[in-house]
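Asker: Below: one structure in structure tokens.
Residue numbers (the numbering used here): 13 to 470.
Dropping the structure here:
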């Protein structure tokens with residue numbers, strides 16, 4: 013008997029701090045004007061996507077005291093944008109990236125509970141950590157947490173936020189809808205938490221929201237990140253672009269769930285993916301190469317090379333050969349915000365490999381970065397892209413994709429108009445939304461379901 017077709021999950025990624033967007037394209041728009049967010053969100057909802065995802069950057073990327081030349085240089089507050097988008101969309105999930113290193117559980121739980129109420133049950137939280145002093149300078153902590161403490165704090169942060177959200181139980185409260193006050197059970201909202209990172213007690217002041225808790229996303233490829241996702245996340249992002257790497261990641265993460273008493277379908281694997289469409293595969297391939305060249309300027313190429321060489325390479329010609337000096341493997345790092353984590357674990361080996369590639373292909377520094385950096389995941393005609401996306405999902409390399417267009421805000425339009433109908437024809441993507449909340453679209457149970465079953469049994 014053949015395996016039944018899996019339903020594909022699709023989401024739309026509004027870029028944060030990055031050099032993905034091709035600013036030189038006349039179709040590129042603002043990353044701060046609300047109209048850009050509205051266009052992007054409403055296109056995603058028209059295409060019946062699961063959710064919109066807002067990336068986040070708590071500080072602009074710098075190197076040598078200069079902001080990266082092709083980066084997005086600003087972003088309004090995540091909660092403000094998502095709350096505003098709740099008023100101009102009806103079914104689209106609203107996912108925000110909120111840091112667990114520099115925030116507090118009460119504040120974040122209150123914000124997500126409020127967003128879930130305002131949106132009618134469409135809130136989702138991408139839980140991330142931060143490891144660098146460069147970002148930490150913006151906060152009162154004025155530094156960073158060692159790597160071994162990042163996930164320790166994140167786990168307790170999420171657990172504490174869930175305790176706050178769970179402190180209101182629907183069957184224990186009789187609310188006066190006219191005044192918004194509860195009429196009985198003085199324990200509603202009460203919480204006490206004592207742990208390594210948080211010692212708080214009080215009363216949570218936002219009643220139980222439509223989803224009970226926001227849907228939880230986690231981005232992390234390390235062993236700690238995978239384990240964190242398996243323990244408590246509803247979906248995990250990944251960055252594996254090939255079928256084989258995607259299948260290995262998918263299998264590893266899904267197998268970890270049993271340790272926590274969870275089924276494989278309780279955690280979705282959703283890699284980020286770029287795309288370039290053309291009327292033919294050849295046209296798309298040509299356009300993809302042009303897009304990549306626009307995403308990697310000479311200055312961007314040198315900054316990328318400095319991650320490996322750990323030296324100031326500003327005197328080198330990006331259209332010239334690679335440096336003949338070896339990387340500096342000292343403890344310091346030239347890239348601000350990356351002092352504690354090297355981007356490449358063996359810089360000397362990476363430099364040797366890149367020199368060999370450059371010599372074999374007659375590549376300049378910029379050519380090398382263009383051809384070894386992140387490439388477009390799906391390139392081709394609409395038929396080719398739809399077929400390849402479906403193949404990845406049916407082959408258990410993912411449960412779907414978070415799409416990152418290279419034009420904002422209109423770059424999603426062509427995918428919505430030309431690829432989505434082909435996936436719908438194959439019977440692997442929805443024609444209508446399954447229900448009012450994001451948990452309905454993702455096929456996730458409500459956190460109160462288990463408690464309801466226990467009450468019915470008693």
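Glycine is no exception: its CB is placed at the ideal position from the N, C-alpha and C atoms. Because the structure is a prediction, the values reported are computed rather than measured.
1) Can you tell me which residues form a DSSP beta bridge with residue 415?
2) To the nearest angstrom, report how far apart residue 216 and residue 232 are at their CA atoms.
3) Ignore the nearest five residues each way along the sequence and tell me which others in residue 5's own chain have a CB closer than 7 Å to its CB.
4) Check whether the Cβ atoms of residue 235 and residue 280 sit closer than 9 Å, and answer yes or no.
5) Under a Cβ-count criterion, where at least 16 other Cβ atoms within 10 Å of its own Cβ denotes burial, should residue 316 be classed as buried or exposed?
6) Are the beta-carbon atoms of residue 27 and residue 84 separated by less than 9 Å?
7) Whose C-beta lies closer than 6 Å to the C-beta of residue 209 among residues of the same chain, with five residues either side of it excluded?
8) From this set, 336, 329 and 275, which residue's C-alpha is nearest residue 378's C-alpha?
9) Rounding to the nearest angstrom, what Cα-Cα distance links residue 311 and residue 78 in this structure?
10) Using the C-alpha atoms, what's the distance from residue 76 back to residue 291?
11) The alpha helix (DSSP H) that contains residue 64, what's its start and end?
12) What is the rounded straight-line gap between the Cα of residue 449 and the Cα of residue 105?
13) For residue 223, does the three-state DSSP call read helix, strand or coil?
14) At what residues does the beta strand (DSSP E) containing residue 215 begin and finish?
15) Evaluate contact between the region 91-98 and the region 42-59, counting only Cβ atoms and requiring at least three cross-stretch pairs below 8 Å.
16) Which residues in the same chain have their Cβ closer than 8 Å to the Cβ of residue 341, if we skip the five residues on either side of it in sequence?
17) Name the one or two DSSP bridge partners that residue 78 has.
18) Assign residue 138 to one of three DSSP states: helix, strand, or coil.
19) Name, in chain order, the residues that DSSP records as bridge partners for residue 109.
20) According to the Cβ coordinates, are residue 128 and residue 276 closer than 9 Å?
21) If distances are taken between C-alpha atoms only, which option among 74, 81, 66 and 102 comes closest to residue 87?
22) Let me confirm a value: residue 92 is counted as buried when at least 16 other C-beta atoms fall within 10 Å, else exposed. Which label applies?
23) Which same chain residues, not among the five before or five after residue 413, have their C-beta less than 7 Å away from its C-beta?
24) Quick one: residues in its chain with C-beta nearer than 7 Å to the C-beta of residue 120, no 5 flanking neighbours on either side, listed in chain order?
25) If you draw a straight line from the C-alpha of residue 405 to the C-alpha of residue 226, how long is it?
26) Taking only three categories from DSSP, how would you classify residue 350?
27) Taking the alpha-carbon of residue 339 as reference, which of 326, 333 and 318 has the nearest alpha-carbon?
28) Taking the straight line between their C-alpha atoms, what separation do you get for residue 372 and residue 254?
29) Let me confirm a value: residue 117 is counted as buried when at least 16 other C-beta atoms fall within 10 Å, else exposed. Which label applies?
30) Who are the Cβ neighbours of residue 455 in its own chain at under 6 Å, not counting the five residues just before and after it?
31) Under DSSP, the alpha helix (DSSP H) around residue 377 begins and ends at which residues?
32) What's the C-alpha gap between residue 303 and residue 459?
33) DSSP three-state call for residue 401: helix, strand or coil?
34) If we ignore side chains and look at the alpha-carbon of each, how far apart do residue 126 and residue 436 end up?
35) When the distance is taken between beta carbons, is residue 113 closer than 9 Å to residue 137?
Answerer: In this structure, then:
1) 24 and 285
2) 30 Å
3) Since the first residue shown for the chain is 13 and the last is 470, residue 5 is missing from the structure and cannot be characterised.
4) no
5) buried
6) yes
7) 165 and 168
8) 329
9) 11 Å
10) 42 Å
11) Note, residue 64: premise wrong, no alpha helix (DSSP H); beta strand (DSSP E) at 63-66.
12) 7 Å
13) coil
14) 211-215
15) yes
16) 322, 359 and 360
17) 75
18) strand
19) 138
20) no
21) 66
22) exposed
23) 22, 282, 283, 285 and 401
24) 110 and 173
25) 25 Å
26) With a pLDDT of 47 at residue 350, under the threshold of 50, the predicted position of this residue should be treated as unreliable, and no value is reported.
27) 318
28) 23 Å
29) buried
30) none
31) 377-384
32) 43 Å
33) helix
34) 34 Å
35) no
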